[in-house]
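Sequential numbering of the sequence shown, starting at 535, is according to the working numbering. Glycine included, C-beta positions come from ideal geometry on N, C-alpha and C.
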Amino acid sequence: MSNSTEQNHIIEHPVAQNTKVAPKHDEPATGSKSSANASSQRQLLVLAKKFSLNAAFLPENKQAPLEDRAYRRKKLDELRKQQNMEAIVLRAIQYCSDETITDRADQDWFSSFVTLAEGISNKSMQELWAKILAGEVSQPGSFSLKTLQTFRTMSITEAKLLAKACSLAMADARKKNIRVISGAYQVPKLFNFFNKQRQQRLDLNQAGLNYADILTLADNHLVFEQETESHPLTKGEKLQFNYNGKQLSFIAKKADCILTFYKFTPIGTELAHLIADNQDESYLSAVKTQLSENFVIEG
């Protein structure tokens, strides 16, 4: 895994007060930054030793009995899982309020959470799991087991990709429907059929989200692969959106104007609730400029 220190805001617990997470990659197993450039052979030896799988590299007379080696590896695995969960719980408590809540956290949910999270040693990912735990304890029902299972299979790179999608996404007032707007058009009719300005497309690739990224998000059950459309708006009809904390109004300039967008799945929507507000001003500027043929965008 790369030792990059790139600062990308990822997931934020909704009750935390503007606490943002910048994913960082862990140091190599040796603890030395220079070891990131070690040979693959050297790195494999380090990992094997850390997980007690290096006996085969030792002379036979120096190898512990196979049973002892198996026991040691199992014990190390149990200790690592215990250490991981204690670290996650310690982080999660920082995002929990000391105020009384009406609903009690589900013990079965917590048991499933532990099973899925105990293998997470990466510090950045532990931070994200901690925020999910805090969110569920604070508001039971915030995160389904399907969401946990999906998140368990996500890498840091995919989490950053979700954050990028969220930096472009707009939500309704209750944040139940979240989408990345991709364009707009007016329903074709006889009087506008040959109007070249009838349809507009936003170049999401310029905003850092290409179609391959959308397919990756779809493979992770975070967005729907196919574009969706709004209903045809009447002239003057208004759609209200929340764009990462900024209120926007899309007002149709003509009759039968339609917005196109990529919609987040229920799983993607649950995880998006944890994303730190991070507006992409260049994308917002492009939306206002390129969709101006059919919409007045205020905010």
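Helix, strand or coil: how does DSSP classify residue i here?
| i | result |
| --- | --- |
| residue 648 | helix |
| residue 758 | coil |
| residue 808 | coil |
| residue 831 | strand |
| residue 776 | strand |
| residue 781 | strand |
| residue 587 | coil |
| residue 610 | helix |
| residue 605 | helix |
| residue 629 | coil |
| residue 635 | coil |
| residue 771 | coil |
| residue 793 | strand |
| residue 835 | Only positions 535 to 833 of the chain appear in the structure, and residue 835 is not among them; the question remains open. |
| residue 598 | coil |
| residue 786 | strand |
With 16 as the cutoff for other CB atoms within 10 Å, does residue i come out buried or exposed?
| i | result |
| --- | --- |
| residue 768 | exposed |
| residue 596 | exposed |
| residue 807 | buried |
| residue 814 | buried |
| residue 717 | buried |
| residue 713 | buried |
| residue 804 | buried |
| residue 832 | exposed |
| residue 581 | exposed |
| residue 592 | exposed |
| residue 818 | buried |
| residue 496 | The displayed coordinates of the chain run from 535 to 833. Any statement about residue 496 would go beyond what the structure contains. |
| residue 781 | exposed |
| residue 660 | buried |
| residue 605 | exposed |
| residue 655 | exposed |
| residue 667 | buried |
| residue 662 | buried |
| residue 685 | buried |
| residue 677 | buried |
| residue 672 | buried |
Give the single residue among the options whose Cα lies nearest to the Cα of residue i.
| i | options | result |
| --- | --- | --- |
| residue 735 | 705, 780, 825 | 825 |
| residue 775 | 629, 707, 630 | 707 |
| residue 648 | 589, 821, 683 | 683 |
| residue 585 | 615, 762, 593 | 615 |
| residue 665 | 765, 737, 621 | 621 |
| residue 681 | 607, 821, 802 | 802 |
| residue 835 | 645, 693, 678, 637 | This structure gives no information on residue 835, because the portion of the chain shown stretches from 535 to 833. |
| residue 701 | 628, 677, 607, 738 | 738 |
| residue 651 | 630, 679, 628 | 679 |
| residue 777 | 747, 578, 810 | 810 |
| residue 765 | 719, 779, 740 | 719 |
| residue 816 | 746, 783, 677, 740 | 740 |
| residue 613 | 685, 672, 823, 653 | 653 |
| residue 770 | 763, 783, 759, 635 | 783 |
If residue i sits next to residue j, beta carbons under 8 Å apart, how far is it from one beta carbon to the other, in whole angstroms?
| i | j | result |
| --- | --- | --- |
| residue 674 | residue 632 | In fact, because the Cβ distance is near 17 Å, the residues do not count as touching under 8 Å. |
| residue 698 | residue 742 | 5 Å |
| residue 721 | residue 642 | Not quite, the Cβ-Cβ distance comes to about 49 Å (not below 8 Å), so this is no contact. |
| residue 794 | residue 761 | 5 Å |
| residue 688 | residue 754 | 6 Å |
| residue 830 | residue 796 | Actually they are not in contact, since the Cβ atoms of residue 830 and residue 796 sit about 23 Å apart, beyond 8 Å. |
| residue 696 | residue 751 | 7 Å |
| residue 772 | residue 785 | 5 Å |
| residue 851 | residue 690 | Since the displayed the chain opens at 535 and closes at 833, residue 851 lies outside it and no answer follows. |
| residue 788 | residue 828 | 6 Å |
| residue 607 | residue 587 | 7 Å |
| residue 711 | residue 705 | 7 Å |
| residue 598 | residue 590 | With 8 Å as the limit, residue 598 and residue 590 do not qualify as a contact, their Cβ atoms being about 12 Å apart. |
task: Quick one: which unbroken beta strand (DSSP E) runs of 3-plus residues sit fully inside the stretch 661 to 749? Chain order, please.
output: 712 to 720, 733 to 735
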